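Comments concern the structure below.
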Amino acid sequence: MFSEILALAREAPAFFVGFVILFGLIAGSFLNVVIHRLPKIMEREWRAFCAELAEQPAPTTEIFNLVTPRSRCPSCAGPVRAIDNIPLLSYLALRGKCHHCGVPISPRYPIVEALTGVISGYVAWRFGVSFATLAALPFCWALIALTFIDADTQLLPDQITQPLIWLGLLANLGGLFTDIQSSIMGAVAGYVSLWAVYWLFKLATGKEGMGYGDFKLLAAIGAWLGWQLLPVVILLSSLVGATIGVSLILFARHERSQPIPFGPYLAGGGIIALLWGQDLTQAYLNWLH
Numbered sequence: 156m157f158s159e160i161l162a163l164a165r166e167a168p169a170f171f172v173g174f175v176i177l178f179g180l181i182a183g184s185f186l187n188v189v190i191h192r193l194p195k196i197m198e199r200e201w202r203a204f205c206a207e208l209a210e211q212p213a214p215t216t217e218i219f220n221l222v223t224p225r226s227r228c229p230s231c232a233g234p235v236r237a238i239d240n241i242p243l244l245s246y247l248a249l250r251g252k253c254h255h256c257g258v259p260i261s262p263r264y265p266i267v268e269a270l271t272g273v274i275s276g277y278v279a280w281r282f283g284v285s286f287a288t289l290a291a292l293p294f295c296w297a298l299i300a301l302t303f304i305d306a307d308t309q310l311l312p313d314q315i316t317q318p319l320i321w322l323g324l325l326a327n328l329g330g331l332f333t334d335i336q337s338s339i340m341g342a343v344a345g346y347v348s349l350w351a352v353y354w355l356f357k358l359a360t361g362k363e364g365m366g367y368g369d370f371k372l373l374a375a376i377g378a379w380l381g382w383q384l385l386p387v388v389i390l391l392s393s394l395v396g397a398t399i400g401v402s403l404i405l406f407a408r409h410e411r412s413q414p415i416p417f418g419p420y421l422a423g424g425g426i427i428a429l430l431w432g433q434d435l436t437q438a439y440l441n442w443l444h
């Protein structure tokens, strides 16, 4: 059965891409859960750890993880029905409102689902029926989750960034996206480069310009794509970050002292480098000559 499906996917690329898009929409629905719950899980673990250090009783709370309890409306706590959890379609059918109380649902949920579906489909089209697609999909999904978590909380959880580093190294043991030497050097160079920028900025200003999560995220991207594409990632993320930062200060009255998360721009640069990094590098080299 599996071999027949695989043969059909190779003979009909549109079928394969469409299937991956649908699977990406489902993955996007799960990413919404991760984006919402993982920071809360981290906070609960932190509170329990602080209570242990203070030799106080651990706070008693209900079981809370990525599976339990069922999804609820943040306004009325009404449980989300299975029929209301179909990616994109349920949001449209409900007209963007809770089934129980009618309070508007954040458009963030369908945006994450649609973004994940579109990127997943493009990855499938770009790499075809291959191990590269199988590996690139969770890489992109992790970057999408990190983007929105960092935008909300200015956190890049170790629960995602650290496994992403190891998975990148494992993926490149067979030279999936780059050779293993470049992968190892990419992880090291990604971490050290931002670590050096962090300390130079801190010594010059006395302030912290970024968090350690940014170091680990760039290390993960380097592990997946190799050190050769790190300049592309850093350049793209810096340009986009600077443009958006200046725009927020000029047009949205964003305080200069208020930090702007850098993780979303690194993640965006990582996805662009995965899909078009070699093309961009070659175009730049051709332009130089």
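Heads up: the sequence shown begins at 156 in our numbering, then just goes up one per residue.
Just so you know, even glycine gets a beta-carbon here, dropped at the ideal spot from N, CA and C.
Quantities reported herein were computed from a predicted structural model and do not represent experimental measurements.
Limits of the unbroken alpha helix (DSSP H) element including residue i
| i | result |
| --- | --- |
| K371 | 367-380 |
| V278 | 263-282 |
| G239 | Reading the sequence as shown, one finds Asp at residue 239 and not Gly. Element bounds for D239: n/a, residue is neither H nor E. |
| A167 | Careful: A167 lies outside any alpha helix (DSSP H) and carries neither H nor E. |
| I127 | Any question about residue 127 goes unanswered here, given that the chain covers just 156 to 444. |
| L247 | 244-248 |
Sequence-distant residues of its chain with Cβ nearer than 6 Å to residue i (five each side left out)
| i | result |
| --- | --- |
| Q246 | Correcting the residue type first, residue 246 is Tyr in the shown sequence and not Gln. These residues qualify, in order along the chain: P265. |
| A438 | none |
| R225 | P234 |
| N187 | Y264, V267 |
| G425 | L298, I376, V388 |
| L324 | S338, A378 |
Beta-carbon separation (whole angstroms), residue i vs residue j, contact threshold 8 Å
| i | j | result |
| --- | --- | --- |
| A351 | A378 | A351 to A378, Cβ: 18 Å. No contact. |
| V189 | A306 | Between A306 and V189 the Cβ distance is about 14 Å, and since that is not below 8 Å, they are no contact. |
| Y353 | G364 | 6 Å |
| L270 | P194 | L270 to P194, Cβ: 19 Å. No contact. |
| C228 | V258 | 7 Å |
Other residues of its chain near residue i: CB distance less than 8 Å, five sequence neighbours each side excluded
| i | result |
| --- | --- |
| I181 | P242 |
| A206 | P212, A213, P214 |
| N240 | S184, S226 |
| K362 | F356 |
| D334 | N327, G381 |
Close beta carbons around residue i, own chain, < 7 Å, minus the five adjacent residues each side
| i | result |
| --- | --- |
| G432 | L380, L384, V387 |
| F171 | A164, A279, V284 |
| G272 | I176, G179, L180, G183 |
| A291 | V278, F282, L429 |
| L435 | V387 |
| P312 | L193, M197, I304 |
Problem - Cβ contact check for the stretch 280-287 and the stretch 253-268: 3 or more pairs under 8 Å - result: Flag = no, the stretch 280-287 and the stretch 253-268 do not touch.
Exercise for the section: Decide if the stretch 360-374 is in contact with the stretch 417-436; the criterion is three or more beta carbon pairs, one per stretch, under 8 Å apart. Expected result: At 8 Å Cβ cutoff, the stretches touch.
Handout entry: Those runs of the alpha helix (DSSP H) which lie wholly inside the stretch 203-235 and span at least 4 residues
Key = Runs found: none.
Problem - Every unbroken alpha helix (DSSP H) within the stretch 285-342, with a cutoff of 4 residues, ordered by chain - result: Listed in chain order, the alpha helix (DSSP H) runs fully inside the stretch 285-342 are 286-308, 313-326, counting runs of at least 4 residues.
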